[in-house]
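Numbering (this note's numbering), first residue to last: 863 to 1184.
This is the structure in structure tokens:
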């Protein structure tokens, strides 16, 4: 969910949504979606610690350390990294937290970070890569994710390998950042309704809805702060942490394991994948992973916090579909 100036109006049918997503691969937009490997994996979305160590001094590489508080950065960061506060990329709108700010505000934020229209942007941060995935999603919304990547394993892996860390904030110049907004990376509540889930919680053909929260939140056994616990009809449960080796080692699992997990959850190649959680944070990592694996993907940023506010929206408790 974004500022009104950025949202397309009206209820868009599933076919229209899929067509809009397909338009992301036009020549005018440099997008990772055009660069799939033979197995569909967008491998350029992740870089290793070895790669970063070799390219840390490259002038066309900007490294971002994202965290809720600056102390995380001051206590030790990758040399040359620039601090990004989550307060710069998340706001509360209509009672729903963790929403995207206005495009103009995001533009100013990235310009202050010295992120221009060219070069690579490597992201890592707190919360086992969760915040880094949110920055990636934000850049995708602004049309710049094709040159962004997450540091696999984050600073945790960097430190485990005894690589250099710094407590000094290096100076850098601002840059000109041009937003190229891609509204189709966001799906609104009206569009989620329009995906026409059928009886017995069967979703519309060609659509897979991922609930990225812990399983207990999905089933409703743990309300997770919601007045109506449970999940959106037709959703499958893939807790975002399942994409990682562990919280202590927040590297992505091998592609073969991830593909098997997503396939067993019911996702099929070519599906339109819609991710959500409670407020759009955990869904950002699910979005990143689904895109990394080659799926066409969008995210319901309002997620369950918005969904449950309308009595017209059904909420399912217990397990749904396999």
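Backbone N, C-alpha and C fix where the C-beta goes; we use that ideal spot for every residue, glycine too.
Remember, predicted model here, so these are calculated numbers, not experimental data.
Span of the alpha helix (DSSP H) around residue i
{"i": "residue 1001", "result": "992-1003"}
{"i": "residue 915", "result": "911-917"}
Spatial distance of residue i from residue j (CA atoms)
{"i": "residue 1176", "j": "residue 957", "result": "20 Å"}
{"i": "residue 1028", "j": "residue 1084", "result": "41 Å"}
{"i": "residue 1122", "j": "residue 990", "result": "22 Å"}
{"i": "residue 995", "j": "residue 1020", "result": "18 Å"}
{"i": "residue 1026", "j": "residue 1145", "result": "32 Å"}
{"i": "residue 1124", "j": "residue 1100", "result": "8 Å"}
{"i": "residue 1181", "j": "residue 1154", "result": "27 Å"}
{"i": "residue 942", "j": "residue 1076", "result": "35 Å"}
{"i": "residue 1092", "j": "residue 1151", "result": "23 Å"}
{"i": "residue 1014", "j": "residue 1161", "result": "22 Å"}
{"i": "residue 1268", "j": "residue 981", "result": "Outside the displayed span of the chain (863 to 1184) sits residue 1268, for which this structure offers no information."}
{"i": "residue 1022", "j": "residue 1136", "result": "35 Å"}
{"i": "residue 1164", "j": "residue 1138", "result": "8 Å"}
{"i": "residue 966", "j": "residue 1002", "result": "15 Å"}
{"i": "residue 939", "j": "residue 908", "result": "19 Å"}
{"i": "residue 1167", "j": "residue 944", "result": "32 Å"}
{"i": "residue 997", "j": "residue 1073", "result": "20 Å"}
{"i": "residue 1024", "j": "residue 929", "result": "21 Å"}
{"i": "residue 1088", "j": "residue 1078", "result": "12 Å"}
{"i": "residue 1010", "j": "residue 1109", "result": "23 Å"}
{"i": "residue 979", "j": "residue 935", "result": "25 Å"}
{"i": "residue 1119", "j": "residue 911", "result": "21 Å"}
{"i": "residue 953", "j": "residue 969", "result": "15 Å"}
{"i": "residue 1178", "j": "residue 1095", "result": "6 Å"}
{"i": "residue 1070", "j": "residue 1037", "result": "39 Å"}
{"i": "residue 950", "j": "residue 1117", "result": "32 Å"}
For residue i, the first and last residue of its enclosing beta strand (DSSP E)
{"i": "residue 1013", "result": "1010-1013"}
{"i": "residue 982", "result": "982-987"}
For residue i, the nearest candidate out of the options (CA to CA)
{"i": "residue 1068", "options": "1150, 960, 1147, 1159", "result": "1159"}
{"i": "residue 937", "options": "1131, 1031, 1073", "result": "1031"}
{"i": "residue 1130", "options": "1105, 1106, 1120, 1157", "result": "1157"}
{"i": "residue 1054", "options": "1044, 1108, 1080, 1097", "result": "1097"}
{"i": "residue 1149", "options": "984, 1049, 1017, 987", "result": "1049"}
{"i": "residue 1040", "options": "973, 1090, 1140, 1104", "result": "973"}
{"i": "residue 985", "options": "1086, 906, 1037", "result": "906"}
{"i": "residue 1147", "options": "934, 999, 916, 979", "result": "999"}
{"i": "residue 1172", "options": "1095, 1080, 1051", "result": "1051"}
{"i": "residue 922", "options": "1071, 1035, 950", "result": "1035"}
{"i": "residue 1043", "options": "1116, 963, 1102", "result": "963"}
{"i": "residue 913", "options": "1106, 1105, 1103, 1016", "result": "1016"}
{"i": "residue 976", "options": "917, 925, 1115, 955", "result": "925"}
Strand pairing of residue i, partner residues [DSSP]
{"i": "residue 908", "result": "1012"}
{"i": "residue 1178", "result": "1093"}
Residue ranges of each beta strand (DSSP E) within the region 1022-1104, 3 or longer: 1069-1073, 1097-1099
Could I get the ranges of all uninterrupted alpha helix (DSSP H) runs contained in the region 923-976, with 4 residues as the minimum, in chain order? 933-936, 965-974
Any chance you could list the alpha helix (DSSP H) runs of at least 4 consecutive residues sitting entirely within the region 1109-1168, in chain order? 1117-1126, 1144-1154
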